[in-house]
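Notes to accompany the following structure.
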């Protein structure tokens, strides 16, 4: 999966500003949040990917230094070859120490 390879390579890092608290209203805020998460991620294992027109969903295991692998679903909407919206769902209890 191309996005998993990009994550592992670290080439997506561009800086950016934003709160990084789970929501992002623009690309810079999104990258800021991902950059913070990358400090604890050790691997990303893609389990399955589905595509339906401009929508792509990826189920993956997010491996971190903080907890056991976290099952995660990422739903991206793509327009003109660019991601315009991302929704991510996961159970954060392991990452938060709960």
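Residue numbers (the working numbering): 1 to 98.
We put the beta carbon where it would ideally sit given N, CA and C, even for glycine.
Between the CA atoms of residue 29 and residue 23 - distance to the nearest angstrom | In the chain shown, residue 23 corresponds to position 23, counting from 1. In the chain shown, residue 29 corresponds to position 29, counting from 1. The straight-line gap from Cα to Cα measures roughly 8 Å.
Applying the criterion that 16 or more other CB atoms from any shown protein chain within 10 Å of the CB defines a buried residue, is residue 33 buried or exposed?
-> Here residue 33 corresponds to residue number 33 of the chain shown, with the count starting at 1. Answer is buried; the Cβ neighbour count reaches 16.
Could you round the C-beta distance between residue 95 and residue 67 to whole angstroms and report it? I think they count as a contact, below 8 Å.
-> Here residue 95 is taken as the residue at index 95 of the chain shown, counted from 1. Here residue 67 is taken as the residue at index 67 of the chain shown, counted from 1. Right, their Cβ atoms sit about 6 Å apart.
Roughly how many angstroms separate the alpha carbons of residue 73 and residue 93, rounded to a whole number?
-> Here residue 73 refers to the residue found at position 73 of the chain shown. Here residue 93 refers to the residue found at position 93 of the chain shown. In a straight line, the C-alpha of residue 73 is about 16 Å away from that of residue 93.
Quick one, which of 55, 50, 44 and 70 has its alpha-carbon nearest residue 90's?
-> Walking along the chain shown from the start, residue 90 turns up at place 90. The shortest C-alpha separation from residue 90 is found at 70.
Do residue 41 and residue 49 have their C-beta atoms within less than 8 Å of each other?
-> Reading the chain shown from its first residue, position 41 is the one you call residue 41. Reading the chain shown from its first residue, position 49 is the one you call residue 49. Not a contact, by the Cβ cut-off of 8 Å.
Is residue 58 buried or exposed, if buried means 16 or more other CB atoms sit within 10 Å of its CB?
-> One-based indexing of the chain shown puts residue 58 at position 58. With 16 or more other Cβ atoms within 10 Å, it is buried.
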